[in-house]
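Reading through the structure tokens given below for one structure.
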Amino acid sequence: MSKQPFAHIAKRMADIEPFHVMDLLAVAKQLEAQGREIVHMEIGEPDFATPPAIIYAAQKALEKGYTHYTPAVGIAILREKIAEHYFSRFNTTVSPEQIIITPGASGALMLALGVLINPGDKVLMSDPGYPCNRHFVRLFEGQAVGIAVDATTQYQLTADMLAKQRYEDAVAVMLASPSNPTGTILSTTELAALNQYADKTSTHLLVDEIYQGLVYDSHIESVAGKFDNAFVINSFSKYFCMTGWRLGWLVVPQAYCREVDKLAQNIFLAPPTLAQYAALVAFETETTEILDAQREILKQRRDFLLSAIQALGFKVSVKPQGAFYLYADCSDLTDDSFVFCYSLLKEAGVAITPGKDFGSNQAAHYVRFAYTTSMDKLQLGVERIKAYLNSHF
Ligand SMILES: Cc1ncc(COP(=O)(O)O)c(C=O)c1O
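Heads up, my numbering is the position in the sequence shown plus 728, with the first residue counted as 1.
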């Protein structure tokens, strides 16, 4: 007779929340299975297909039998291509040795935090911010310190704010530009001030540049090759439309190359081989022309959706300059954005993400719209929200 099933779930799991948007997506899928048509504005993934040249390169790699492990830090030729990209696009010199290929930006975040955090170490981050960050920190037994940000600083941390909060003992500060969920960017001046603060307090900056290719109104620079002590996170997921390929990269300060390599060997063994060979053509003009044209489409969607939701009573106090999100204050429409999102999904067939996913700072007053669906669908979504609000107010 076997014993009763048992489970020794680690205590940390109590602090690791689900990605609420995934639960919402599951409900949306159930409704679709029942024949409902849902307008998806919840998921942070481009609706565009991976460019054909990348797919073709993967097919060729498969034919050549490139199905084995690669070095844990990725194939040398891709690391060199990324270094060339930094030079040609941003005029900065990054040694390929400092470029670690990872399973998505998620893998990059995990490696960076894994080599930095001792139990109890503080890691500073904005609230609202990308949800997984605080959970990664918890996984490594660190202490995620969410700092409330609002429109006055474009929902970004500033050097001033950090100096006032007196967290000199933190090991790292996590930044994202453009950010998820707000789409706002950090100016070159503010980044320089943050870097000064970080140097002064011996804190590492972790700068997430995953949405770097998706900036609409201004030029954005990279921190890679500029700040000696910063870790830079990037990915092929968003601008390159390769979410499912699970490929990203991390730029590490020189002193961490060997440590990150060791950790990558242990956690992942290697990043996905086919995806790496496919990504070799990601920076070719043939591909970037397609991706840049798609960025224009995203910009048009942003402009449409921003004014449409403002007309409906949502408040967006900072015009997002990048990514594909609008972080909207819905406090004139509801006191509980979580309940609102589920009600909107069930009654109106429109899926958006509750603020709760991004932290606890005024989360009940915010929702995130992702304009990762066609203009027709966005228009339909807006019509449905309008009808929903008319029937409730
Ligand atoms: C700010 C940010 N960082 C990291 C990630 C993880 O992306 P990846 O698919 O490259 O693992 C995401 C995904 O949404 C994100 O928004």
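Here a beta-carbon is modelled for each residue, glycine too, at the ideal position from N, C-alpha and C.
Small disclaimer: the values here were computed from a predicted structure and weren't measured.
- Secondary structure at tyrosine 797: coil, using DSSP grouped into helix, strand and coil.
- Between the segment 936-945 and the segment 896-911, the count of Cβ pairs shorter than 8 Å is three or higher; the stretches touch.
- In the DSSP assignment, glutamine 871 falls within the unbroken beta strand (DSSP E) covering 871-876.
- Distance from the C-beta of aspartate 775 to the nearest heavy atom of ligand 1 is not below 7 Å.
- Shown here for valine 822: same chain residues with a beta carbon closer than 7 Å to its own, the five before and five after excluded, namely Ala811, Tyr814, Ala952, Gly953, Val979 in chain order.
- A direct Cα-Cα distance of roughly 16 Å separates proline 1082 from valine 767.
- Within 7 Å of the C-beta of asparagine 908 there is at least one heavy atom belonging to ligand 1.
- Not a single heavy atom of ligand 1 lies less than 7 Å from the C-beta of alanine 785.
- Pairing valine 873 with alanine 840 gives a Cβ-Cβ distance that is not under 8 Å.
- Secondary structure of alanine 1091 (DSSP, three-state): helix.
- Taking the Cβ atoms as the reference, proline 999 lies roughly 5 Å from proline 831, within the contact range of under 8 Å.
- Sequence-distant partners of asparagine 861 (beyond 5 residues in either direction) whose C-beta falls short of 6 Å from its own C-beta, in its chain, are Met853, Met902.
- As a beta-bridge residue in DSSP terms, glycine 1050 pairs with Val943.
- For serine 950, no beta strand (DSSP E) segment is defined, and its DSSP state is neither H nor E.
- When DSSP states are grouped into helix, strand and coil, histidine 863 belongs to the helix group.
- Relative to ligand 1, alanine 1003 has its C-beta separated by 7 Å or more from all heavy atoms.
- At least one heavy atom of ligand 1 lies less than 7 Å from the C-beta of glycine 976.
- No residue range can be given for leucine 885, since it is assigned to no alpha helix (DSSP H) and is classified by DSSP as neither H nor E.
- Distances from the CB of threonine 1100 to the heavy atoms of ligand 1 are all 7 Å or more.
- The segment 1058-1076 makes no contact with the segment 999-1011; the number of CB pairs closer than 8 Å stays below 3.
- Tyrosine 1116 is a Cβ neighbour of leucine 1072, given a cutoff of 8 Å.
- Glutamine 893 has its alpha-carbon roughly 12 Å from the corresponding atom of tyrosine 925.
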